[in-house]
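Residue numbers (the numbering used here): 12 to 123. All C-beta atoms, glycine included, are put in the ideal place defined by N, C-alpha and C. Okay, so here's the structure we're looking at.
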Ligand code: FES
């Protein structure tokens, strides 16, 4: 089993609270979110159909993202769908702010 690689993806200050961004790491689209200063990273592609979750509505007080296509909500902490029609979770990835102020992500190994 390989060790997760941290990849710098953006400057943390470029993703202010309440905002989302989409990045691609090793061909995997990843959605980044800033919820009141806490960062989250999940698969950008909805588990239901082809939709970009980073383009959905971020509901910070519940820490969920609402899919822009059919409205399923996903918990950013677990990737679990909270509302239909999605029933499968999306992958959650590790994200942190490095000492140099960059956001870095380690892909969940199962996503590769
Ligand atoms: S594509 Fe996301 S809920 Fe259908």
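Alpha carbon to alpha carbon, what distance is there between residue j and residue i?
i	j	result
residue 115	residue 96	31 Å
residue 50	residue 35	17 Å
residue 32	residue 94	23 Å
residue 60	residue 110	37 Å
residue 80	residue 113	31 Å
residue 73	residue 88	10 Å
residue 46	residue 28	5 Å
residue 105	residue 98	22 Å
residue 84	residue 71	12 Å
residue 12	residue 24	Because residue 12 sits at a pLDDT of 49, beneath the cut-off of 50, its placement in the model cannot be relied upon, and the following sentence gives the value as read from the coordinates. Roughly 33 Å separates the two Cα atoms.
residue 30	residue 78	15 Å
residue 66	residue 57	11 Å
residue 63	residue 82	12 Å
residue 53	residue 17	15 Å
residue 75	residue 22	22 Å
residue 44	residue 26	8 Å
Considering just the uninterrupted stretch of the beta strand (DSSP E) at residue i, what are its terminal residues?
i	result
residue 19	17–22
residue 40	39–46
residue 68	68–70
residue 32	31–36
Return helix, strand or coil for residue i, following the three-state DSSP convention.
i	result
residue 83	coil
residue 63	strand
Going by DSSP, what residues sit across from residue i in a beta bridge?
i	result
residue 104	52
Checklist entry - For ligand 1, which residues count as neighbours when the test is a C-beta closer than 7 Å to any heavy atom? => result Result: 57, 59, 60, 61, 62, 78, 80, 81, 82, 83, 96 and 97.
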